[in-house]
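Okay, so the sequence shown: first residue is 56 according to the working numbering, each after it adds one. We treat Cβ as the ideally placed atom computed from N, Cα and C, and that holds for glycine. Please read all numbers here as calculations on a predicted model, not as lab measurements.
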Amino acid sequence: TFQPSDDMMLMFYSYHKQATMGPCNISRPTGFWDTHGKAKWDAWSSLGNMTKEEAMKSYIENIQLVSPFRQNWG
């Protein structure tokens with residue numbers, strides 16, 4: 056079965072957050088051990104002012120690229 060990489064999961068997370076909440080407007084986590092929270096924040100924040108529509112489109116396009124069922128999507 057397909058197992059996406061951590062970087063790929065962060066990319067999808069960032070597009071999801073951008074599409075549902077808009078640009079990142081929260082503070083970066085400060086906890087020393089919160090490496091996952093910081094990585095997620097960094098990924099989301101890196102999208103800057105990308106519109107919700109652009110984030111949705113990018114999410115779909117990238118899912119289609121990695122999906123094992125992509126040949127059925129025309």
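A direct Cα-Cα distance of roughly 17 Å separates residue 107 from residue 65. Closest by C-alpha distance to residue 112, out of 70, 60, 62, 96, is 70. By the CB criterion at 8 Å, residue 110 and residue 74 fall inside the cutoff. When the beta-carbon positions are compared, residue 84 and residue 96 come within less than 8 Å of each other. Judged by beta-carbon spacing, residue 57 lies beyond the 8 Å limit of residue 117, meaning their Cβ atoms are not closer than that value.
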